[in-house]
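Chemist: Okay, here's the structure, questions in a sec.
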Amino acid sequence: MKTRPKNLRTAGILILQIVLFCWMAGRCDASCGSATCPLNNYRSLNTGSLQLTLSREYINQDQIQIGSHRSFVGAIGYDHDEVQTINERTNVELQIGLADRLSLMIDVPFVTRQHSHIHHDQGESILETWRFSGIGDAIINAHYHFLPAGTENNPELSFQAGMKLPTGITSAKNQAGEEAEASIQPGSGSTDGIAGIYFRQPLGSVPMINGEFSVLPMIAGMSDQVNGTGTNGWRFGNTVFAYIGTSYQFVDWANFMVQINGRFQDFADAGSTQEPVENTGGTWIFVSPGLRIDLSDYLSATAYVQLPVLQNVHGIQQTSRYNLQMNITFTSNIFHE
C-alpha cells in the first residue's frame with residue numbers, strides 16, 4: 252500500500268470533498284464542462300476488474316470567432332446570430348475487464364445547457380434563450396489489447412470499436428415552447444460508429460521528490476467517429492480525435508499530467524433543418540495540464556484544464572477560452588479483495 256503523510260492525505264480528502272460539493276451544487280467557480288476535445292482517461296483492466304468514473308465537465312462558449320480570429324456577435328449576418336452556449340455535463344462511465352485482453356466501456360452523460368441567440372424577424376431583433384437538462388447519447392466501446400502492458404515498464408497497444416447510441420433527448424424546448432436547434436439538443440438522434448487506437452510507451456525512469464524513481468510514459472492515440480443521420484435529417488460532420496501526452500509521478504500518490512488534444516471535424520449536413528452548415532466543423536487543438544491524486548488504493552481524483560492553442564472554425568462560431576474537467580474514479584476487482 253502506498254504511504255502518504257497524514258497532512259497531505261488530509262489535503263487529498265479535502266480536494267475530494269470540494270469535487271463532490273461542485274458536483275452536487277451543479278456549478279461553482281471550479282466546475283467543469285463538456286470538453287470540445289475529449290481527454291484520455293483510459294486504463295487497461297485485467298479479467299474481473301472494474302472501474303467506475305464519475306466526471307463533471309464545463310465549457311463556456313462565449314467568444315465569437317471567424318476562422319482562427321476573434322470576432323463579435325453578428326459579424327456575419329444570418330436570420331439568427333449565436334451569442335453564448337454554456338455546457339455542463341456529468342458522465343457516469345463503467346469499464347469492465349471481460350478478459351485480460353478485452354474490456355467493455357459504457358458511458359452515459361447527463362447534459363445541462365444554456366443557449367442564447369438573437370433572432371432577426373422583419374427588422375426586429377429578439378434575444379431568445381434556452382436552458383434545459385436531460386440524458387445525452389450513451390457510448391458503448393470494446394477495447395482489445397493487442398499488446399497488453401503486463402507491467403508499467405512494458406509498451407501497450409489497444410484497439411477500440413463501438414457506437415454512440417440515440418438515447419438522448421432530442422426535443423428540448425424553452426419557456427416559450429420553441430424547440431432548440433438540432434445541433435444543441437442533449438441527443439443527436441443518430442447512431443454513430445467509433446473506432447480508435449491507443450498506445451503507451453515507457454520513456455524511462457525519472458526521480459520523485461523522495462529520491463525514488465517512477466516510470467515516465469508517453470501515451471498517444473486517435474479515434475474516428477462516423478456520424479449517422481439524426482433529428483430532422485441533421486447529421487454532424489465526421490470527427491477525428493487525436494492526443495499525445497505523459498504523466499509524471501512526483502510522489503507515490505500523485506501525478507502531474509499533460510496532454511495535447513486535437514479535434515478535426517467536417518461540415519455538418521443540414522437535412523431539413525435549414526441551419527447554415529457553413530458554420531459547422533473546424534479544427535481545435537488544446538494543451539491540457541492536470542493533476543491526479545490517489546486517495547486510496549481504490550479511489551482517485553483528477554482535475555484538468557484545457558487551454559486553446561488553435562481554434563480554426565468554419566465560418567462564424569462560438570468558441571471557449573478554457574474547458575474544465577474533474578473525475579472521481581473507483582477501481583476494484585470482483586474476484587480479489
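The opening residue of the sequence shown carries number 252 in the numbering used here; numbering runs sequentially from there. Glycine included, every Cβ here is placed at the ideal spot set by N, Cα and C.
Pull up the distance between the alpha-carbon of Pro-289 and that of Gly-387, whole angstroms please.
Modeler: Taking the first residue of the sequence shown as 1, we reach residue 289 at position 38. Taking the first residue of the sequence shown as 1, we reach residue 387 at position 136. Between Pro-289 and Gly-387, the C-alpha separation is close to 15 Å.
Chemist: Between Ala-433 and Trp-485, how many whole angstroms is the CB-CB distance? I'm expecting something under 8 Å.
Modeler: On the sequence shown, position 182 is the one that residue 433 refers to. On the sequence shown, position 234 is the one that residue 485 refers to. Correct: roughly 4 Å between the Cβ atoms.
Chemist: Using 10 angstroms around the beta-carbon of Ile-377, count the other beta-carbons present and answer buried if the total reaches 16, otherwise exposed.
Modeler: In the sequence shown, counting from the first residue as 1, residue 377 sits at position 126. Under this definition Ile-377 is an exposed residue.
Chemist: Hey, out of Asn-574, Gly-533, Gly-541 and Leu-546, whose CA is closest to His-565's CA?
Modeler: Taking the first residue of the sequence shown as position 1, residue 565 is located at position 314. Each of Asn-574, Gly-533, Gly-541 and Leu-546 was checked against the Cα of His-565, and the nearest Cα belongs to Gly-533.
Chemist: From what residue to what residue does the beta strand (DSSP E) around Met-508 run?
Modeler: Within the sequence shown, the letter at position 257 stands for residue 508. First-last of the beta strand (DSSP E) with Met-508: 505-516.
Chemist: I'd like the span of the beta strand (DSSP E) that includes Phe-323, first residue to last.
Modeler: Along the sequence shown, one-based indexing puts residue 323 at 72. Where Phe-323 is concerned, there is no enclosing beta strand (DSSP E), because DSSP gives it neither an H nor an E.
Chemist: Express the C-alpha separation of His-394 and Gly-348 in angstroms, rounding to a whole number.
Modeler: As a working note, residue 348 is residue 97 in the sequence shown. As a working note, residue 394 is residue 143 in the sequence shown. When rounded, the distance between both Cα atoms is 9 Å.
Chemist: Would Ile-310 pass as a contact of Ile-317 if the rule is Cβ separation under 8 Å?
Modeler: Residue mapping note: residue 310 aligns to position 59 of the sequence shown, counting from 1. Residue mapping note: residue 317 aligns to position 66 of the sequence shown, counting from 1. No, the Cβ-Cβ distance between Ile-310 and Ile-317 is not below 8 Å.
Chemist: For Ser-571, does the three-state DSSP call read helix, strand or coil?
Modeler: As a working mapping, residue 571 is identified with position 320 in the sequence shown. Correct three-state label for Ser-571: coil.
Chemist: Assess, as a yes-or-no matter, whether the segment 498-512 is touched by the segment 442-460 under the definition of 3 or more beta carbon pairs within less than 8 Å.
Modeler: As far as the Cβ criterion goes, the segment 442-460 touches the segment 498-512, which means the pair count is three or higher.
Chemist: Could you pull out every unbroken beta strand (DSSP E) segment of at least 3 residues lying fully inside the segment 306-374, listed in chain order?
Modeler: 314-317, 331-348 and 353-372
Chemist: Can you give me the C-alpha to C-alpha distance between Phe-507 and Arg-543, rounded to a whole angstrom?
Modeler: For this step, residue 507 is matched to residue 256 along the sequence shown. For this step, residue 543 is matched to residue 292 along the sequence shown. Going by the C-alpha atoms only, they are around 7 Å apart.
Chemist: Determine, using beta carbons only, whether Gly-532 comes closer than 8 Å to chain C.
Modeler: This model lacks chain C altogether, as it is built from one protein chain only.
Chemist: Would you mind stating whether Ala-446 and Ala-493 have Cβ atoms separated by less than 8 Å?
Modeler: Looking up residue 446 in the sequence shown gives position 195. Looking up residue 493 in the sequence shown gives position 242. Cβ distance not < 8 Å, so Ala-446 and Ala-493 don't count as in contact.
Chemist: Please report the straight-line C-alpha distance between Gly-419 and Thr-363, rounded to a whole angstrom.
Modeler: Looking up residue 419 in the sequence shown gives position 168. Looking up residue 363 in the sequence shown gives position 112. Spanning the two alpha carbons is a distance of roughly 12 Å.
Chemist: Could you check which residue in Thr-531, Ser-547, Pro-540 and Ser-306 has the C-alpha nearest to that of Gln-562?
Modeler: Here residue 562 corresponds to residue number 311 of the sequence shown, with the count starting at 1. The shortest C-alpha separation from Gln-562 is found at Thr-531.
Chemist: Tell whether a beta-carbon distance below 8 Å holds between Leu-398 and Gln-346.
Modeler: In the sequence shown, the residue the question calls residue 398 occupies position 147. In the sequence shown, the residue the question calls residue 346 occupies position 95. No, Cβ-Cβ distance for Leu-398 and Gln-346 is not below 8 Å.
Chemist: Only counting the same chain, and skipping five residues up and downstream in sequence, which positions put a Cβ closer than 6 Å to that of Gly-479?
Modeler: On the sequence shown, residue 479 is found 228 positions in, with the first residue counted as 1. The residues are Ser-441, Thr-442 and Asp-443.
Chemist: Could you tell me if Asn-404 is buried or exposed, where buried requires 16 or more neighbouring beta carbons within 10 angstroms of its beta carbon?
Modeler: Here residue 404 refers to the residue found at position 153 when the sequence shown is read from its first residue. So Asn-404 counts as exposed.
Chemist: Could you check where the beta strand (DSSP E) with Ala-552 kicks off and where it finishes?
Modeler: Taking the sequence shown and counting its residues from 1, the one referred to as residue 552 is at position 301. Per DSSP, Ala-552 is one residue of the beta strand (DSSP E) stretching across 550-564.
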